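Visitor:
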Amino acid sequence: MTTSTAPYADLTGPTFARRIMTAPTAGPLAALVLACAFFSLTTDQFLSGGNFSLVIQQVMVVGTLAIGQTLIILTAGIDLSCGAVMAFGSIVIARTAAAGTVPPLVAIALGLTVCAGFGLVNGLLVKLIPLPPFIVTLGMLNVAFALTHIYSKEQTVSDLPSQLTFLGGTFPLGRTDVTYGSLVALALFALFAYLLSSTSWGRHVYALGNSSEAARLNGIRIGRLTIGLYALAGLVYGVAALLLISRTGVGDPQAGQTDNLDSITAVVLGGTSLFGGRGSVLGSLIGALIVGVFRNGLQLMGVASIYQTLITGVLVILAVTVDQLSRKRTR
Amino acid sequence: MSTRTPTPVLQARGLVKRYGHVTAVDGADFDLLPGEVLAVIGDNGAGKSSLVKALTGAVTPDEGEIRLNGEAVRFSGPQDARAHGIETVYQDLAVAASMDIASNMFLGRELRRPGPLGSVLRMLDRKRMREEAAEHMADLKIGLRSLTQPVETLSGGQRQAVAVARAVAWARSVVVMDEPTAALGVKESGQVLDLIRRVRDRGLPVVLISHNMPHVFEIADRIHVHRMGRRAALIKPGDHSMSEVVAIMTGALTVDEDGGGTVVADAEAAKAAGVGTD
């Protein structure tokens, strides 16, 4: 603190170069580029349009879940139930539509509402009782998993109306086939990137994650904000459920079981701190792509899938270590 | 000199706040005059924090009256007090560490872009917030190299400066500071005390809650001594020594009616404190 009144060099905002250098997504992006370069050199098929299309389709569902997961983790919470909630949502959509009891669009609306409802209950339990997010969503993971199996009677639902699988359709872009669903996922990423970075709501989410007490003392209604975030995350899981159906073409009660942890992996790899208050959905998109590229590249190299899981596990621990160490340095 | 005293900016009469069987505030009075730094001191458990909470809307008093610029007010919460122009700088600063200075300054009061960008797309006006933050910082002669660095990269004194600047930017009537120098070193404490002077010089009265007697004596225009839930004395630092004030705080001395002299209330305690034997 000096008494100079010299004008601030950054009154017009950080320079583009500074923004790139200090962006928390720079590290994850570099990791993604390195991974792509590595697999391009070691396998023949990695750099093909068809393979890109495959990676993007695989990443789309986990990436969408990761948007909701990012919202929760930014508040220093965690959501272990997202994959299970998505699975239940997809069964609700598939069964109600396949039975012909309701029109497909109503079935979709029903699925989105059910998922948002799960999120709302999570949020109410976390904020009003209050309970730790870890325990609430661990419980909800089991509840949603069980409901999925009870409601589906362990049966895969097929013969779905075409409106449900429309998003699985593709259009060619260069030599890659792009699904409409991945456009929906990208649009969601863009929407939440905007909301988090450029609106008061976004500022309040970050403030809440930094210190809920500081947020409260600054007049932010933290109860409403938190519960709303969980419900919104649930709604996003509902969209993921729809993308899941459109990709597989069926309602599968076994789906989504690895997606709970994969979404957390994507968020953490993308540079979002588990301690809350720092990170971005753009980082989570990059994180999801890292997971997808690793899984895909290792498969192309002929590495058994259990080793892929091993490597993803190591990646997460590395990412959390980096997060923890960088926090210590700034303290 | 006029014999009429100016209308107090913030005044309380007969405030009572009970928590179950405990009476934390027991008929307390409070007066803050325009443009002064009023220190509030008292032993732990004297009820000064309950008093200040009542004045800033954090708790609702059971009895008594609060007047702001002569008008009776009743705060429903801290937000309500803020809406009346009373800003508080909290001991733990209440800043969001990973967010930059301008974002912290406008936290909960963000500015939106004019036109449909703001009204429809809810887009923040980052540039205007940065410019206004820079103006507020310049007003208080707080020189920081950058407004876009996260608050967590600042020193303790710089963070305190940001918290004070935020409060001053929004306060129309009063700034309340809770132990602003408690966590700071000697040099940084000095800078914060300078900052408090500049706030006063702009005409904004400051309520300073502090345990630090040298700081209180350095900066306060008047000292409100709180003891056993009420105001034990309202004195000028020049009229009393530091050890006398401590003795008033502990009940060894009481202040006589005109506020000029002191009366020994507890001879033994006063002797132990080294005052009041004359």
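Protein chains in written order, with the numbering used here: chain Z, 1 to 331; chain S, 1001 to 1278. Heads up, the beta-carbon is just placed ideally off N, CA and C, and yes, glycines get one too. Because the structure is a prediction, the values reported are computed rather than measured.
(1) Pick helix, strand or coil for R1067(S), following the three-state DSSP scheme.
(2) Just to check my reading of the structure: G251(Z) and T156(Z) have Cβ atoms closer than 8 Å, yes? What is that Cβ distance to the nearest angstrom?
(3) Check whether the Cβ atoms of L160(Z) and I245(Z) lie closer than 8 Å to each other.
(4) Look at the Cβ atom of L225(Z), then the Cβ atom of S280(Z), and state whether they are nearer than 8 Å.
(5) Can you give me the start and stop residues for the alpha helix (DSSP H) that L1147(S) sits inside?
(6) Tell me which residues of the segment 190-202 of chain Z have at least one Cβ-Cβ distance to chain S shorter than 9 Å, keeping chain order.
(7) Would you be able to state if there are at least three C-beta pairs under 8 Å between the segment 137-155 of chain Z and the segment 247-263 of chain Z?
(8) I need the straight-line Cα distance from V1040(S) to Q1158(S), nearest angstrom please.
(9) Starting from the Cα of I93(Z), find the closest Cα among I73(Z), A84(Z), V114(Z) and T75(Z) and give me that residue.
(10) Would you verify that the beta carbon of R278(Z) is, or is not, closer than 8 Å to some beta carbon of chain S?
(11) Would you check if the segment 58-75 of chain Z and the segment 196-206 of chain Z touch, i.e. whether three or more CB-CB distances between them fall below 8 Å?
(12) Taking 7 Å as the limit between beta carbons, can you name the residues of its chain near A97(Z), skipping five residues before and five after?
(13) How about M1116(S): is its C-beta nearer than 8 Å to some C-beta of chain Z?
(14) Taking 8 Å as the cut-off, decide whether the C-beta atoms of G89(Z) and A241(Z) are in contact.
(15) Below 8 Å on the Cβ atoms is my guess for L235(Z) versus G119(Z); work out the distance and round it to an integer in Å.
(16) Compare the C-beta of V1052(S) against all C-beta atoms of chain Z and say whether one is closer than 8 Å.
(17) If you drop the 5 nearest sequence neighbours on each side, which residues of the same chain put their C-beta closer than 8 Å to that of A144(Z)?
(18) Pull up the distance between the alpha-carbon of L41(Z) and that of Q299(Z), whole angstroms please.
(19) If the cut is a Cβ gap below 7 Å, which residues of chain S does A207(Z) touch?
(20) I want to know whether the segment 1052-1062 of chain S touches the segment 1173-1188 of chain S - three or more CB-CB distances under 8 Å.
(21) S1119(S) CB to nearest chain Z CB: under 8 Å?
(22) Within the continuous alpha helix (DSSP H) that includes M1177(S), where are the two ends?
(23) Measuring only the C-alpha atoms, how far is P1205(S) from P24(Z)?
(24) Is it the case that the Cβ atoms of L1253(S) and E1244(S) are separated by a distance below 8 Å?
(25) From the DSSP output, in three-state form, read off D1221(S) for me.
(26) I want to see whether chain Z comes within less than 8 Å of Y1019(S), judged by CB atoms only; does it?
(27) Tell me which residues share the same chain as A1171(S) and place their Cβ nearer than 8 Å to its Cβ, disregarding the 5 neighbours each side in the sequence.
(28) Please report the distance separating the alpha-carbon of E1131(S) from that of G1115(S).
(29) Report buried or exposed for E1188(S), applying the criterion of at least 16 other Cβ atoms within 10 angstroms of its Cβ.
(30) Who are the Cβ neighbours of E1063(S) in its own chain at under 6 Å, not counting the five residues just before and after it?
(31) Alpha carbon to alpha carbon, how far is A187(Z) from D1031(S)? Give it in angstroms, no decimals.
(32) Taking the alpha-carbon positions, what's the L1193(S) to K1236(S) distance?
(33) R1166(S) lies in the alpha helix (DSSP H); which residues open and close that run?
(34) Leaving out five residues on either side along the sequence, give the residues of the same chain with a beta carbon under 6 Å from the beta carbon of M1213(S).
(35) Confirm, please, whether the CB-CB distance from G277(Z) to G209(Z) is below 8 Å.
(36) Just how far apart, CA to CA, sit L1140(S) and A1165(S)?
Guide: Answer, in terms of the structure:
(1) Here residue 1067(S) refers to the residue found at position 67 of the second sequence. Correct three-state label for R1067(S): strand.
(2) As a first step, residue 251(Z) is located in the first sequence; it is residue number 251 there, counting from the start. As a first step, residue 156(Z) is located in the first sequence; it is residue number 156 there, counting from the start. Right, their Cβ atoms sit about 7 Å apart.
(3) Counting from 1 along the first sequence, the entry for residue 160(Z) is found at position 160. Counting from 1 along the first sequence, the entry for residue 245(Z) is found at position 245. In this structure, I245(Z) lies closer than 8 Å to L160(Z) by Cβ.
(4) Taking the first sequence and counting its residues from 1, one reaches residue 225(Z) at position 225. Taking the first sequence and counting its residues from 1, one reaches residue 280(Z) at position 280. Not closer than 8 Å, so no.
(5) Against the second sequence, residue 1147(S) aligns to sequence position 147. First-last for L1147(S): undefined, no H or E at that position.
(6) Y194, L195, S197, S198, T199, S200, W201 and G202
(7) yes
(8) Here residue 1040(S) refers to the residue found at position 40 of the second sequence. Here residue 1158(S) refers to the residue found at position 158 of the second sequence. Each residue's Cα considered, the two are about 24 Å apart.
(9) Working through the first sequence from its first residue, we reach residue 93(Z) at position 93. Nearest of I73(Z), A84(Z), V114(Z) and T75(Z) to I93(Z), Cα basis: V114(Z).
(10) Your numbering for residue 278(Z) matches position 278 in the first sequence. Taking Cβ atoms only, chain S reaches closer than 8 Å to R278(Z), which makes this a yes.
(11) yes
(12) What you label residue 97(Z) is simply residue 97 of the first sequence in a count that begins at 1. Same-chain partners within the cutoff: P104, A107, L160, P161 and L164.
(13) Position 116 of the second sequence, counted from the first residue, corresponds to residue 1116(S). Position check: residue 1116(S) holds Pro in this sequence, whereas Met was assumed. Closer than 8 Å: no.
(14) Within the first sequence, residue 89(Z) is the residue found at index 89, counting from 1. Within the first sequence, residue 241(Z) is the residue found at index 241, counting from 1. Yes, these two residues count as a Cβ contact at 8 Å.
(15) Working through the first sequence from its first residue, we reach residue 235(Z) at position 235. Working through the first sequence from its first residue, we reach residue 119(Z) at position 119. Rounded, the Cβ-Cβ distance is 7 Å, consistent with contact.
(16) Numbered from its first residue, the second sequence carries residue 1052(S) at position 52. Chain Z contact via Cβ: absent.
(17) For this step, residue 144(Z) is matched to residue 144 along the first sequence. Correct list, in chain order: S81, A84, V85, A87, F88 and F118.
(18) Working through the first sequence from its first residue, we reach residue 41(Z) at position 41. Working through the first sequence from its first residue, we reach residue 299(Z) at position 299. Using only the alpha carbons, I get a separation of about 14 Å.
(19) For the purposes of this step, residue 207(Z) is taken as residue 207 along the first sequence, with counting starting at 1. Residues of chain S passing the Cβ test: A1096, M1099 and L1107.
(20) yes
(21) Counting from one through the second sequence, the residue named residue 1119(S) turns up at place 119. Judged by the 8 Å Cβ criterion, S1119(S) is not in contact with chain Z.
(22) In the second sequence, the residue the question calls residue 1177(S) occupies position 177. M1177(S) -> not in any alpha helix (DSSP H); beta strand (DSSP E) instead, spanning V1174 to D1178.
(23) Looking up residue 1205(S) in the second sequence gives position 205. Looking up residue 24(Z) in the first sequence gives position 24. P1205(S) and P24(Z): Cα-Cα distance of roughly 42 Å.
(24) The sequence position of residue 1253(S) within the second sequence is 253, counting from 1. The sequence position of residue 1244(S) within the second sequence is 244, counting from 1. It is a contact, given that the beta carbons lie within the stated cut-off.
(25) On the second sequence, residue 1221(S) is found 221 positions in, with the first residue counted as 1. In the structure shown, D1221(S) sits in coil (DSSP, three-state: anything other than H, G, I, E or B).
(26) In the second sequence, counting from the first residue as 1, residue 1019(S) sits at position 19. For Y1019(S), the answer is no, since every Cβ of chain Z falls outside 8 Å of its Cβ.
(27) Sequence index remark: in the second sequence, residue 1171(S) carries index 171 (1-based). Cβ neighbours of A1171(S) beyond the five flanking positions: G1085, I1086, E1087 and L1204.
(28) Position 131 of the second sequence, counted from the start, is the residue given in the question as residue 1131(S). Position 115 of the second sequence, counted from the start, is the residue given in the question as residue 1115(S). Distance between the alpha carbons of E1131(S) and G1115(S): 19 Å.
(29) Within the second sequence, the letter at position 188 stands for residue 1188(S). Buried, because 16 or more other Cβ atoms sit within 10 Å of the Cβ of E1188(S).
(30) Stepping through the second sequence from its first residue, residue 1063(S) is reached at position 63. Excluding positions up to five away in sequence, the list reads V1016.
(31) To locate residue 1031(S), count along the second sequence from 1; it is residue 31. To locate residue 187(Z), count along the first sequence from 1; it is residue 187. Approximately 58 Å, taken between the alpha carbons.
(32) Locating residue 1193(S) in the second sequence gives position 193, where the first residue counts as 1. Locating residue 1236(S) in the second sequence gives position 236, where the first residue counts as 1. The straight-line gap from Cα to Cα measures roughly 18 Å.
(33) For the purposes of this step, residue 1166(S) is identified with residue 166 of the second sequence, where counting begins at 1. From DSSP, the alpha helix (DSSP H) with R1166(S) extends over G1156 to W1170.
(34) Reading the second sequence from its first residue, position 213 is the one you call residue 1213(S). Within the same chain, M1213(S) has close Cβ partners M1242.
(35) One-based indexing of the first sequence puts residue 209(Z) at position 209. One-based indexing of the first sequence puts residue 277(Z) at position 277. Yes. Within cutoff.
(36) The residue you call residue 1140(S) lines up with position 140 of the second sequence. The residue you call residue 1165(S) lines up with position 165 of the second sequence. Distance between the alpha carbons of L1140(S) and A1165(S) is about 7 Å.
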